[in-house]
Amino acid sequence: MTLREMWVAYMTIVRKESVRFLRIWPQTLLPSVVTTTLYYVVFGTFIGSQIKGFGDFSYIQFIVPGLVMMAVITNSFANVASSFFGSKFQKSIEELLVSPIKPFLVVAGYVTGGVFRGLLTGVLVLGVSLFFTHLTIHNWFLTVAFIFLTSLLFALAGLLNGIYAKDFDGVSIIPTFVLTPLTYLGGVFYSISALPPIWQTVSVWNPILYMVNGFRYGFLGVSDVSVPFSLFILIGLSAVLIFANIYLFKTGRGLRT
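The numbers in the numbering used here rise by one with no breaks, and the one at position 247 of the sequence shown is 409.
Have a look at this one:
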């Protein structure tokens, strides 16, 4: 394939993925905005007003970065997992497998769609937070880097889930029993410094902790963990999933029956 043909193939997949979730925005974008607004009202305004802030920041300012990341993680993963499994279920993925499109282009196309939805949802959730509190950006580069890399990582994870899923239950089991507990226990609503030592030790094995704290550092300049190490974890996990997905496409594992 020529470079132009590769670009057309890539953009065709991206356009399909983007139009798919934008067309049904009340089902894809609105739920996260509504749910997070309730978090802002209940935890930020009602309960948060009774909770002592963290340093120079109020409780609602502390939880905003975590809630944004929670929306990004959920939407990036769900968009790719559901879309790709839908293509498998309808057998339309076979058209891509027999086409001359390179595996990395297919991976890039689906993942870009997931990243787009994740970032768009994150921006919407962040915009809603401005109705409840005032936010400043401590470090623009780290803020953008962490939200982009987190969206990329979970879009790749969603593709991996879509490849291996055998039915619709296989698509929903990871978000329900893995992502949701890890996210809630990843420091979204609290600082791990407030936990007993044993739970602090357990928490450092949760990768989402590093994403939430890295993004929070970008806004507030505070973090419970090393920011460079958090960035290293994100880049490393993303690289592993990129190669894993491309390998699965090349070998056809989970794709060919």
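For every residue, glycine included, the Cβ atom is placed at its ideal position computed from N, Cα and C. Just so you know, these numbers come straight off a predicted model, no measurement behind them.
Bridge partners - Phe219, DSSP secondary structure assignment: In the sequence shown, the residue the question calls residue 219 occupies position 57. Beta-bridge annotation (DSSP): Phe219 is paired with Phe216.
Where Leu347 sits in the DSSP three-state scheme: Within the sequence shown, residue 347 is the residue found at index 185, counting from 1. Collapsing the DSSP output to three states places Leu347 in coil.
C-beta contact flag for Pro227 and Phe351 at 8 Å: Indexing the sequence shown from 1 puts residue 227 at position 65. Indexing the sequence shown from 1 puts residue 351 at position 189. No, Cβ-Cβ distance for Pro227 and Phe351 is not below 8 Å.
N- and C-terminal bounds of the alpha helix (DSSP H) containing Asn323: Within the sequence shown, residue 323 is the residue found at index 161, counting from 1. That run of the alpha helix (DSSP H) goes 302 to 326.
Extent of the continuous alpha helix (DSSP H) run through Pro359: Residue mapping note: residue 359 aligns to position 197 of the sequence shown, counting from 1. Run containing Pro359: 359 to 365, per the alpha helix (DSSP H) assignment.
Collapsed DSSP secondary structure at Tyr331 in the structure displayed: As a first step, residue 331 is located in the sequence shown; it is residue number 169 there, counting from the start. Checking the sequence, you will find Asp at residue 331 rather than Tyr. In the structure shown, Asp331 falls within a helical segment according to DSSP collapsed to helix, strand and coil.
Secondary structure of Asn407, DSSP reduced to three states: The residue you call residue 407 lines up with position 245 of the sequence shown. It is helical.
Whether Val384 touches Gly217 by CB criterion (8 Å): On the sequence shown, residue 384 is found 222 positions in, with the first residue counted as 1. On the sequence shown, residue 217 is found 55 positions in, with the first residue counted as 1. Yes. Within cutoff.
With 16 other Cβ atoms within 10 Å as the buried cut-off, status of Asp329: Along the sequence shown, one-based indexing puts residue 329 at 167. It is exposed - the Cβ of Asp329 has fewer than 16 other Cβ atoms within 10 Å.
Euclidean distance between Cα positions of Val195 and Leu286: Indexing the sequence shown from 1 puts residue 195 at position 33. Indexing the sequence shown from 1 puts residue 286 at position 124. The alpha-carbon atoms of Val195 and Leu286 are separated by roughly 7 Å.
The alpha helix (DSSP H) enclosing Leu288, as first and last residue numbers: Reading the sequence shown from its first residue, position 126 is the one you call residue 288. Per DSSP, Leu288 belongs to the alpha helix (DSSP H) from 265 to 291.
Given Lys178 as reference, the closest of Leu371, Ile370, Thr236, Asn241 once Cα atoms are compared: Here residue 178 refers to the residue found at position 16 of the sequence shown. Of Leu371, Ile370, Thr236, Asn241, the smallest CA-CA separation from Lys178 is found for Asn241.
Ile360 burial status per 10 Å Cβ neighbour count (16 or more: buried): The count along the sequence shown starts at 1 and reaches residue 360 at position 198. The residue is exposed, with fewer than 16 neighbouring Cβ atoms inside 10 Å.
Member of Gly271, His296, Leu281 whose CA lies at the smallest distance from the CA of Val230: As a first step, residue 230 is located in the sequence shown; it is residue number 68 there, counting from the start. Nearest C-alpha to Val230: Leu281.
Cutoff 8 Å; reference Met163; Cβ partners in own chain excluding five residues on either side: If you number the sequence shown from 1, residue 163 lands on position 1. Closer than 8 Å at Cβ, skipping near neighbours: Ala171, Pro262, Ile263, Lys264.
8 Å Cβ cutoff met for Gly275 and Ser245: Translated into positions along the sequence shown, residue 275 becomes position 113. Translated into positions along the sequence shown, residue 245 becomes position 83. Here Gly275 is near Ser245, since their CB atoms are less than 8 Å apart.
Pick from Leu304, Ile213, Leu341 that is closest to Asn375, judged by C-alpha positions: By 1-based counting over the sequence shown, the position of residue 375 is 213. If we check each option's Cα against that of Asn375, Leu304 comes out closest.
Contact check, Leu347 vs Asn368, beta carbons under 8 Å: What you label residue 347 is simply residue 185 of the sequence shown in a count that begins at 1. What you label residue 368 is simply residue 206 of the sequence shown in a count that begins at 1. Going by C-beta atoms, Leu347 is nearer than 8 Å to Asn368.
8 Å Cβ cutoff met for Ile397 and Leu297: The residue you call residue 397 lines up with position 235 of the sequence shown. The residue you call residue 297 lines up with position 135 of the sequence shown. Result no, Cβ atoms of Ile397 and Leu297 do not sit closer than 8 Å.
Ile325 vs Leu410 beta-carbon contact at 8 Å: Here residue 325 corresponds to residue number 163 of the sequence shown, with the count starting at 1. Here residue 410 corresponds to residue number 248 of the sequence shown, with the count starting at 1. A contact, by the Cβ cut-off of 8 Å.
Burial state of Ser239, where buried means 16 or more other Cβ atoms lie within 10 Å: Locating residue 239 in the sequence shown gives position 77, where the first residue counts as 1. The displayed chain sequence assigns Phe, not Ser, to residue 239. Residue environment for Phe239: buried (at least 16 other C-beta atoms within 10 angstroms of its C-beta).
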